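Trainee: One structure is given below, represented as structure tokens, and several questions about it will come after.
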Amino acid sequence: MSAKSTHPHQYLLYEVTKRCQNRCLFCYNVWKEDADYPKRELATSEALSLVDKIACEIDCKHIGLTGGEPLLRKDIHLIAERIASKGITPILISNGALLAKQTVRRLMESGVRDFEVSLHSHEREVHDCLAGRSGSYDEAIDAILNVKALGGNMSLVFVATARNIAGFARFVELCALLKITWILFNRIACGGACIADFQALAPSPSQIRQALDEGAPLAQRYKIGIGIGVQVQPCLVDVSRHPNLRGDFCPLNRIADGRTYYCVDPAGNLRMCNRSRIILGNLLEEKWNDIAYKKEVREFADAIPEFCADCSLAHVCAGGCKADALACHGTLEKPDPYLERWREEVRKR
């Protein structure tokens, strides 16, 4: 039997498929920026073997099932069931289009209790525009209601763009009506399908500050927590001023504490995170300890752009998302393109 991983890993993402009904303007899937990215998708038996190998080699607590849209795999309940049988918590991350009541019930019988659904506005037209498909808003609302009706735990993912950021406070009010207790606030990333349009789609720091200043107190009143899923650099936006916001920096900067964010793609390839296109190796063919701690991971984690070197938070923030920096600039010597875009507003600490 293989030895367990060198470090514990609280969370692992498994992109079970590339397929998706939506065409989100902000989609960061790495295969959208790399036409040569491996196209294979594991068969059911291979996916179950992958879960077995993960459970054997990694001290993992949670596996997020994502994609693409994971429910486009007809065997997703079998994968979730295998994960749960190993004492690992499966989390279903979905656009909601296929979360009918019978699907939710079947997933819950397979061990899924936690669901994340994307909802990007309180307005149907805004959400449908960002998701790239008419009707996606109504499907997401139905999915939320179905999960809540059957007693599942529901979190919402809000991707903040220039097109929806002004309505964040109203979005929080909708969440209160839906009895949501957790929102993941993701500033748009510069990767995948949106690299070319990132400058037009990204909200300014002042827009983010205003949205949080209006939305966070409302969320606190309604007992809704807000997590910052895509970091906003603290030199641009200080999220610590709101007590119900939980913000953090890239966990790759602190590999030893177990808060890394490794990702497995549809072919079983291991990447450092769901936004990095660097393939470290294949988990079905190689051992975790042989590929997860390669020098590429350490070099990636240690990289700090020159612009940020004299900042007191450089060791934790490191200029923002380095996967975005690599996707946009082709180098880790420059900071996250969001910071690069708004560097004239930076207040170094």
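With our numbering, you'll find the sequence shown wraps up at 350, consecutive numbering, no jumps. For each residue, glycine too, the CB sits at the ideal point set by N, CA and C. The structure presented is a predicted model; accordingly, all values stated were derived computationally and were not measured.
#1: Classify Q200: buried if its beta carbon has 16 or more other beta carbons within 10 angstroms, exposed otherwise.
#2: Is the Cβ of F27 closer than 9 Å to any Cβ of chain B?
#3: Return the residue from the list G216, K224, Y223 that minimises the CA-CA distance to R369.
#4: Is the beta carbon of I225 sitting closer than 9 Å to the one on T182?
#5: Per DSSP, G152 forms a beta bridge with which residues?
#6: State the Cα-Cα distance for the pair K323 and C274, rounded to the nearest angstrom.
#7: Helix, strand or coil: which one does DSSP assign to L13?
#8: To the nearest angstrom, how far is it from the Cα of W289 to the Cα of D266?
#9: With a threshold of 7 Å on Cβ separation, who are the neighbours of E346 within its own chain once the five nearest residues in sequence on each side are excluded?
#10: Smallest Cα separation from E70: which of T90, L51, A98?
#11: Taking just the CA atoms, how far does R74 sit from N23?
#12: Roughly how many angstroms separate the alpha carbons of Y138 and V158, rounded to a whole number?
#13: Below 9 Å between beta carbons: does that hold for L79 and S50?
#14: Please classify R188 as buried or exposed, where buried requires at least 16 neighbouring CB atoms within 10 angstroms.
Mentor: Once the coordinates are examined:
#1: Classified as exposed, Q200 has fewer than 16 neighbouring CB atoms from the shown chains inside 10 Å of its CB.
#2: Within the model displayed, chain B is absent; a lone protein chain is all it includes.
#3: Nothing in the structure corresponds to residue 369, since the chain is present only between 2 and 350.
#4: It is a contact, given that the beta carbons lie within the stated cut-off.
#5: For G152, which the question treats as bridged, DSSP gives no partner whatsoever.
#6: Going by C-alpha positions, K323 is about 10 Å away from C274.
#7: The answer is strand: DSSP assigns L13 an E or B state.
#8: Their backbone Cα atoms lie some 14 Å apart in a straight line.
#9: Counting only Cβ-Cβ distances below 7 Å, and skipping sequence neighbours, we find P206, L237.
#10: Distance check between E70 and each of T90, L51, A98 places A98 closest, using alpha-carbon atoms only.
#11: Each residue's Cα considered, the two are about 15 Å apart.
#12: Using only the alpha carbons, I get a separation of about 13 Å.
#13: The Cβ atoms of L79 and S50 do not sit closer than 9 Å to each other.
#14: R188 should be labelled buried.
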